[in-house]
Ligand code: DQA
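Residue numbers (the working numbering): 418 to 577.
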């Protein structure tokens with residue numbers, strides 16, 4: 418495995434499977450984790466998959482990613498729409514970020530149309546259910562391959 422990716426999940430995503438299945442589908446977060454890890458292996462990415470309902474814990478994990486991960490795939494849940502602190506943490510570690518959402522946030526309530534994360538993300542994938550995560554892995558693999566081709570080393574390996 419050449420590169421390592423932190424996949425972070427925010428509040429209430431631990432309820433997937435039973436939470437509003439008409440919006441979020443019937444897969445559990447563990448189902449999604451298994452699919453993401455498999456796709457990561459296929460793309461040469463070691464996946465560290467985590468979920469927390471606590472903003473501070475997500476921020477600590479983002480800080481810890483500097484030096485231990487090459488990129489972050491993030492579904493910040495409702496913190497997407499509220500958390501300048503998470504966006505600042507992402508800017509602070511300066512790792513490539515892919516923002517993902519299960520639902521199409523632009524098709525939903527107006528308060529979901531603004532994301533603080535998008536400002537610091539390479540791109541956003543939303544509306545494809547758990548496939549959004551798999552597309553996120555593919556996008557991250559492309560971003561890291563491009564960086565590797567440009568610099569000859571991943572950010573993680575350069576830091577070592
Ligand atoms: C979500 C969309 C958010 O608006 C919501 O608060 C979530 C899940 C999604 O994956 O579709 O918790 O991030």
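We treat Cβ as the ideally placed atom computed from N, Cα and C, and that holds for glycine.
Check	Outcome
Would you call the region 425-440 and the region 488-499 in contact, with 3 or more CB pairs under 8 Å?	yes
Please write down, chain order preserved, every residue whose beta carbon lies under 6 Å from a heavy atom of the ligand DQA.	429, 492, 494, 495, 497, 518, 519, 520, 522, 529
Using a 10 Å radius around the Cβ and a threshold of 16 neighbouring Cβ atoms, would you call residue 461 buried or exposed?	exposed
Considering only C-alpha positions, which residue in the set 440, 420, 545, 565 is nearest to residue 526?	440
Strictly by DSSP, which residues pair up with residue 467?	425
Check residue 564 in the structure and name its three-state DSSP category.	helix
Considering only the beta carbon of each residue, do residue 516 and residue 554 sit closer than 8 Å?	no
Grab me the residues of residue 537's own chain with a C-beta within less than 8 Å of its C-beta, minus the 5 sequence neighbours each way, in chain order.	504, 507, 508, 514
Between which two residues does the beta strand (DSSP E) containing residue 477 stretch?	No beta strand (DSSP E) contains residue 477, which is instead part of the alpha helix (DSSP H) from 472-482.
Which partner residues of residue 542 appear in the DSSP bridge assignment?	517
In the DSSP assignment, what are the bridge partners of residue 462?	420
How is the beta strand (DSSP E) around residue 489 delimited, first residue to last?	488-492
Would DSSP call residue 558 helix, strand or coil?	helix
Tell me which same chain residues have a C-beta within less than 8 Å of the C-beta of residue 530, skipping the five on either side of it?	522, 523
What first and last residue would you give for the alpha helix (DSSP H) that runs through residue 496?	496-499
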